[in-house]
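Student: One structure coming up, written as structure tokens, with questions to follow.
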Amino acid sequence: MIKNYLKTAIRNIRRNKLYAGLNILGLSIGLGSFFIIYLFLQNELAYDQFHEKKDRIYRVVHALNNVGSHKYGAGITPALGPAIREEVPEIEAYSRLDNWNKSVIIPGIADSTDNVQTASVDPEFLDFFHLEILAGSKENALDNDAGVLLNESKAIRYFGSPQAALGQTLMVSRSKPLLVKGVFKDLPKTTSIKAELIAPIMAVNSYRGDNMTKWNLSYGDQLYVLLAFGVDPNLVSEKILKVGKEKSKGKGVEFKDVQLQPLRDVHFSLTTAGPVQEKTDKQYIFIFTLVAIFILVCAVFNYISLALSQSVERTKEIGIRKVAGAVRFQLFRQFITESFLYVTLSFLVAIILVELLTPELENLIGRDLEFSVLGEPVLLIESIVFSMVVAVLCALYPAYLSTRLSVVQIFRSGRGSFSTKRLINAVSVFQIVVFVVLICVAVTANKQMYFMRNENLGFDKETQVVISRFSREASTKVELIKNELLAVPGVVSASFASSVPSRVMGSMAYSEYPFTWHAFEIDENYLDVLGIKLKEGRNFLPEDSDSANVVLINETAAKNLDFEGGAIGKTLHLGKDMRIVGIVEDFHFNSKKEPIEATLFKPIQGQFYRLVLKLAPQKIGTTMDAIKAKYRSVTGGDEMNFFFLEDQINSQYKQENVMITLINTFVVVAGVVAFIGLFGISGYSARRRLKEMSIRKVLGASFMAIQKTLNCSGFMRLALATLIAIPVVYYWMDSWLSSFAYRIELPIGLIILAILIASVIVLSTAMLHSIRAYLINPVDVLKEE
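First residue of the sequence shown: 355, per our numbering; consecutive thereafter.
And the structure:
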């Protein structure tokens, strides 16, 4: 019996190649898009889920006084960790985390300096974060600031094997030689804490010294805690706040609010300022979930509408089968079999599309997906089961309508009598709404990103190169390096600084001021190198480098301070008295998602963090080659660690760029799916009214009159869908834009243009069938009457 059902289904596919192709194409795109988005969302939601104690791990964050997208800060004073471990009994373990790339040197091996993702932590870090140890042991590995743990990839690269790495020594940044006491399996890609090397925070950052106990200093370190079972995190956060207030009283810092952020939320913590490298806005999870559902639902509706359109042609076949003795259940199984055949073919095509497009998705988002449909048996089975459910859903309604008619009804009407008009109209309106909403979302998002990347930032970024770190030996001759590089043709000027825009280290809070400060340590050339304009007062002088009691501030700080008679010459109380000698114009040193905040500039003291070079715009490639060669010559062969400031600025919007590219892609996909569906629906409508149009044509109706009659309902559906879509677009996009400190107004003109484009696409599908209906010879339609 199944064999006969399959034969009939295959005959129908051969007989109706166009509709079969549309069905398979629509379902393939729908299933493929759904699977790709599902893989992406699965990857996003898997972040930090591999830790066995994940439900008890929290990050301590503190409230920021500044108004903007960041409500909390993860960078917190290092003095808080030891204090709360001692004072709050509900905390089983704590660890500070300095999660930046560090220079690693293997003693005795020439040219062994490597840039490594390092987690500088306290020893208790190993008690609550999961590590799979391959060699050695993590027990007491970080005690006495003498040992480190290395991941498998680095162990093999440096020493040949995990076992061979045990007992070897290496130096991290300016640390003393540290012993490799264990090798752990590479962490999953879905982790917020990136670590190829785990080292003691006090050993790696030994230069901090007693500053680790000072409450008014912050190096941007995060603080994680492990809570005891059954403990209320809100109660613990209140105790942490109490300890912070008591311990920091009178020490130049004030704790206003402290919260415990669950580990599962760290990846989605866009409102928390901190050094997490990969963050995702939860709003995008919601958007892509809706997009996946919309595309799949549209694909299913497409199949149903196309199946109904074909059912009009198959009523006589159904009638003959009933006369021959077929019962309703047998006819129902015929439709189910055909649906399973279509979905099976579509599933195979969809899997091929997923496997071909997954590498492109990985390249786009800049990281490997942990999941694969063919690589995960459970996921493959889930996909097959899901596709079978889709097949049943696709078949139910057409099968019900096609088999419920009696033989008399079928042969009396000739083509059956399906009461499907309301459903078809509803499906059509739904598809148009989805398409219009998505195309307006894409237009608005692209406009906002263009604004963020191209509007004036308040500084120059096109030809600035930043040497981001120096080796131990190179750090002893930074002045020589600067002078030698200035002599390279094409290098216009140079400056030492602690921070550059998009890489601002930490923030500070002082009890005398109701806002936080961002601090730059710079020399007298910094403003010129970056093209930052001085609004009032003077710049630093060379002799200011020997003094730490003069500062520059930005316009926002001057407004916040609101000194009578202006800020120039006034004194700031920042641990010690500092005199304001100049005010610089505001510039965006962070993403435009964040507001410009109060900033102070101090003369750089002792330690040189970064060297910023301003290049002439001509022959930058040649200049860079000369700079690298000169750097190697001066440092005895060291490779230069550097980045272009423009690339770093653009990287701030990497997530938004990725998401908008995905949205643009799936808007096109949704457009194709909607076109297929509307093509089927308009075809169904045209078929239902062929006799009417033929009679009108015989009676002398013109081409335009027939087009008006056939397409009037299409215009009405388009108008209704647009009325539904506009408030959805306004609410959704206004909510999204409000997450940016600097945003565009809703681009009404572009949205209207997007609606017009959608209208052309929608109406073109109806026009194709109405023109075809007009060209049919009325005799061929009416000869049976």
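Note that CB positions come from ideal geometry on N, CA and C, so glycine has one too. Every value quoted in this text rests on a predicted model; they were computed, and no experiment measured them.
#1: Does V421 pass the burial test, meaning 16 or more other C-beta atoms within 10 Å, or should it be called exposed?
#2: Quick one: residues in its chain with C-beta nearer than 7 Å to the C-beta of Q1006, no 5 flanking neighbours on either side, listed in chain order?
#3: Tell me which residue opens and which closes the alpha helix (DSSP H) that G1158 is part of.
#4: With DSSP collapsed to three states, give me the class of R807.
#5: Distance check for D1088 and F772, CA to CA, integer angstroms please.
#6: Under DSSP, the beta strand (DSSP E) around M932 begins and ends at which residues?
#7: Give the DSSP-derived three-state secondary structure of S602 in the structure shown.
#8: Where does the unbroken alpha helix (DSSP H) through Q615 begin, and where does it stop?
#9: Using 8 Å as the threshold, is the segment 1031-1047 in touch with the segment 732-751, meaning 3 or more CB pairs across them?
#10: Measure the beta-carbon distance from N1065 to A1120 and round it to whole angstroms, keeping in mind my assumption that it falls under 8 Å.
#11: Just the C-alpha distance for F686 and R1097, rounded to the nearest angstrom, thanks.
#12: Helix, strand or coil: which one does DSSP assign to E506?
#13: List the endpoints of the continuous alpha helix (DSSP H) containing V821.
#14: What separation, rounded to the nearest whole angstrom, lies between the Cα atoms of S1118 and I1106?
#15: Mark Q403 as exposed unless 16 or more other C-beta atoms lie within 10 angstroms of its C-beta, in which case mark it buried.
#16: Report all residues from its chain with a CB closer than 8 Å to the CB of R1126; omit the five preceding and five following residues, and keep chain order.
#17: Taking the straight line between their C-alpha atoms, what separation do you get for T830 and L840?
#18: Using only alpha-carbon positions, find the residue among L1072, S457 and G1103 that is nearest to K782.
#19: Using the Cα positions of V1026 and L399, report the straight-line distance between them to the nearest angstrom.
#20: Along the chain, where does the alpha helix (DSSP H) that runs through H1123 open and close?
#21: Please report the straight-line C-alpha distance between V415 and L926, rounded to a whole angstrom.
#22: Please classify I1102 as buried or exposed, where buried requires at least 16 other C-beta atoms within 10 Å of its C-beta.
#23: Taking the alpha-carbon positions, what's the T1063 to T1076 distance?
#24: Under DSSP, the alpha helix (DSSP H) around T977 begins and ends at which residues?
#25: Assign M994 to one of two classes, buried (16 or more other C-beta atoms within 10 Å of its C-beta) or exposed (fewer than that).
#26: Which of the three DSSP states is assigned to D575 in this structure?
#27: Taking the Cβ atom as the reference point for each residue, do L533 and Q517 lie within a distance shorter than 9 Å?
#28: In the DSSP output, what is F997 paired with across the bridge?
#29: Cutting at 7 Å between CB atoms, please list the residues of its own chain near D882, excluding the five before and the five after it.
#30: If you reduce the DSSP assignment to three classes, tell me which class F955 lands in.
#31: When you measure from the CB of G1025 to every non-hydrogen atom of the ligand HEM, does any distance come out below 8 Å?
#32: Under three-state DSSP, which class holds E875?
#33: Can you give me the Cβ contacts of F824 inside the same chain, cut-off strictly under 7 Å, excluding the 5 residues immediately before and after it?
#34: Does the separation of the CB atoms of L906 and L965 fall below 9 Å?
#35: As a quick exercise: from N717, F694, T691 and R439, pick the residue whose alpha carbon is nearest that of V594.
#36: Spell out the partners DSSP gives D335 in its beta bridges.
Tutor: This is what the structure holds:
#1: Because V421 carries a pLDDT of 42, less than 50, the predicted location of this residue cannot be relied on, and the following value inherits that uncertainty. Under this definition V421 is an exposed residue.
#2: So the list reads S856 and S945, once near-sequence residues are dropped.
#3: Past the boundaries of the shown model lies residue 1158; the chain is included only from 355 to 1139, so the question cannot be answered.
#4: helix
#5: Here the model assigns F772 a pLDDT of 47, short of 50, so the residue's position is not dependable and the matter cannot be decided.
#6: Where M932 is concerned, the enclosing beta strand (DSSP E) starts and stops at D931 to V938.
#7: helix
#8: Not the alpha helix (DSSP H): Q615 falls in the beta strand (DSSP E), residues V612 to P616.
#9: no
#10: 5 Å
#11: Distance between the alpha carbons of F686 and R1097 is about 55 Å.
#12: Under the three-state reduction of DSSP, E506 is assigned to helix.
#13: In the sequence as presented, Val is not what sits at residue 821; that position holds Ile. From DSSP, I821 is part of no alpha helix (DSSP H) but of the beta strand (DSSP E) over Q818 to R823.
#14: Whole-angstrom Cα-Cα distance: 18 Å.
#15: exposed
#16: Around R1126: A1040.
#17: When the Cα atoms are used, T830 and L840 turn out to be separated by approximately 18 Å.
#18: Per the sequence shown, the amino acid found at residue 782 is Ser instead of Lys. If we check each option's Cα against that of S782, L1072 comes out closest.
#19: 29 Å
#20: I1102 to L1129
#21: Rounded to the nearest whole angstrom, the CA to CA distance from V415 to L926 is 27 Å.
#22: exposed
#23: 21 Å
#24: I974 to T989
#25: buried
#26: coil
#27: The Cβ-Cβ distance between L533 and Q517 does not fall below 9 Å.
#28: V820
#29: S847
#30: strand
#31: Of ligands this structure carries none, so the ligand HEM is not represented either.
#32: strand
#33: V832
#34: no
#35: Per the sequence presented here, residue 594 reads as Ile, with Val not at that position. Among N717, F694, T691 and R439, the Cα nearest to that of I594 belongs to R439.
#36: Residue coverage of the chain in this structure runs from 355 to 1139, which leaves residue 335 outside it and unanswerable.
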